[in-house]
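Reading through the structure tokens given below for one structure.
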Amino acid sequence: MGWRWIASVLARGTSSESIGEPRSRALPPVVAIDGPAGSGKSTVATAVAGRLGWHRLDSGLLYRIVAYCAIREGMGAEQLQGLSTMVRDRLRMCLESESSAVSSHRFRHDVEIQLPGSAESASVRWNGRDISSAVRVEEVSRLASHVAMCKTVRDTLRPVQRACRREPGLVAEGRDMGTVVFPDATIKIFLTASVRERARRRLQQATAEGASPTLKSLERSIEDRDKRDVERQLAPLEPAGDSKRMDTSNMTFDEVVRRVVDCVASIP
Numbered sequence: 061m062g063w064r065w066i067a068s069v070l071a072r073g074t075s076s077e078s079i080g081e082p083r084s085r086a087l088p089p090v091v092a093i094d095g096p097a098g099s100g101k102s103t104v105a106t107a108v109a110g111r112l113g114w115h116r117l118d119s120g121l122l123y124r125i126v127a128y129c130a131i132r133e134g135m136g137a138e139q140l141q142g143l144s145t146m147v148r149d150r151l152r153m154c155l156e157s158e159s160s161a162v163s164s165h166r167f168r169h170d171v172e173i174q175l176p177g178s179a180e181s182a183s184v185r186w187n188g189r190d191i192s193s194a195v196r197v198e199e200v201s202r203l204a205s206h207v208a209m210c211k212t213v214r215d216t217l218r219p220v221q222r223a224c225r226r227e228p229g230l231v232a233e234g235r236d237m238g239t240v241v242f243p244d245a246t247i248k249i250f251l252t253a254s255v256r257e258r259a260r261r262r263l264q265q266a267t268a269e270g271a272s273p274t275l276k277s278l279e280r281s282i283e284d285r286d287k288r289d290v291e292r293q294l295a296p297l298e299p300a301g302d303s304k305r306m307d308t309s310n311m312t313f314d315e316v317v318r319r320v321v322d323c324v325a326s327i328p
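Residue numbers for the sequence shown follow the numbering used here, beginning at 61 and rising by one.
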């Protein structure tokens, strides 16, 4: 399934429910990893994809890109309809190039995403400038959580997420991978940890990047994000009924990765 096909789907405005491979064809396996902010989804998904040699989908990256573009346009959380219009009319995805190793996608808004065919992190460029770090700053993160509550945005991005399902398999991480995007995922994992532990991890990451937030401010930020994610009407954060739940508060990173990989290995 090529990315030119994805572009044509988005251009036609086809609903996400009507797309996908024919039902008669076996789809590649998917490990869906969901969880709240700071639960370790991204790092665990990267490591698991690397161990398995599978593709990786960072679903939050797409929402961050939309949020980044919105900020550049002077839009805020109170202008969600404007965000919807921007996605629908200005951020249609069209093919730049494709290979077995790297897929490159360019938005009309001069945003290009490099999606590697392995566990490496995706890179994002704006007018040729690498903004991979810029889309992960706190301002973008805050708006991204509001962007994710917009139905038009989610409907537009869902087929792009589903099209990442390629052989030999996909490790997809986000907040609704196992409930909405890949309800038929082979393995569903829901990671969580205490607010204090998640804030501690975020503080460690921020310090390494040269930032200096306080632990208390990060705890408040995580609590606010949890509230928005759980209470939103559209695809609220919740574990799938058939997911394996892991509280990682007292687990090492390697232990979490090993448990997820073991779950995959147990598939008949």
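The beta-carbon is built from N, C-alpha and C at its ideal position, and this holds for glycine as well. Nothing here was measured: the structure is a model prediction, and the numbers come from that model.
Should residue i be labelled buried (16 or more other beta-carbon atoms within 10 Å of its own) or exposed?
{"i": "A232", "result": "buried"}
{"i": "G238", "result": "buried"}
{"i": "G188", "result": "exposed"}
{"i": "P243", "result": "exposed"}
{"i": "R305", "result": "exposed"}
{"i": "V290", "result": "exposed"}
{"i": "G234", "result": "buried"}
{"i": "G98", "result": "buried"}
{"i": "S272", "result": "exposed"}
{"i": "G56", "result": "Absent from the structure is residue 56, since the part of the chain shown begins at 61 and ends at 328."}
{"i": "G301", "result": "exposed"}
{"i": "I93", "result": "buried"}
{"i": "S326", "result": "exposed"}
{"i": "K101", "result": "buried"}
{"i": "D31", "result": "Residue 31 cannot be examined here, being either before or after the span of the chain that is shown, 61 to 328."}
May I ask which residues mark the beginning and end of the beta strand (DSSP E) holding residue i?
{"i": "S214", "result": "Strictly speaking, residue 214 in this sequence is Arg, with Ser absent from that position. No beta strand (DSSP E) contains R214, which is instead part of the alpha helix (DSSP H) from 211-222."}
{"i": "R305", "result": "304-307"}
{"i": "A107", "result": "Careful: A107 lies outside any beta strand (DSSP E), inside the alpha helix (DSSP H) at 101-112."}
{"i": "R185", "result": "183-186"}
Between which two residues does the alpha helix (DSSP H) harbouring residue i extend?
{"i": "I327", "result": "That residue, I327, is in no alpha helix (DSSP H); it is neither H nor E in DSSP."}
{"i": "S205", "result": "198-207"}
At the level of alpha carbons, what is the spacing between residue i and residue j?
{"i": "S183", "j": "L122", "result": "11 Å"}
{"i": "A245", "j": "P89", "result": "7 Å"}
{"i": "R319", "j": "G229", "result": "18 Å"}
{"i": "A259", "j": "A253", "result": "10 Å"}
{"i": "T145", "j": "R202", "result": "20 Å"}
{"i": "V255", "j": "P299", "result": "17 Å"}
{"i": "A127", "j": "L297", "result": "19 Å"}
{"i": "S193", "j": "R132", "result": "15 Å"}
{"i": "T312", "j": "H115", "result": "24 Å"}
{"i": "D314", "j": "L117", "result": "20 Å"}
{"i": "C210", "j": "E199", "result": "18 Å"}
{"i": "A295", "j": "G136", "result": "21 Å"}
Looking at residue i and the ligand NAP, is the gap between the Cβ and the nearest heavy atom below 6 Å?
{"i": "A268", "result": "As for the ligand NAP, it is missing from this structure, which has no ligand bound."}
With three or more C-beta pairs closer than 8 Å as the rule, is the stretch 259-278 touching the stretch 215-225? With a cut-off of 8 Å on Cβ pairs, the stretch 215-225 is not in contact with the stretch 259-278, counting fewer than three such pairs.
Unbroken alpha helix (DSSP H) runs of length 4 or more, entirely within the stretch 229-280: which are they? Correct list: 255-268.
Restricting to runs no shorter than 4 residues, where is the alpha helix (DSSP H) found entirely within the stretch 114-138? You should have 119-132.
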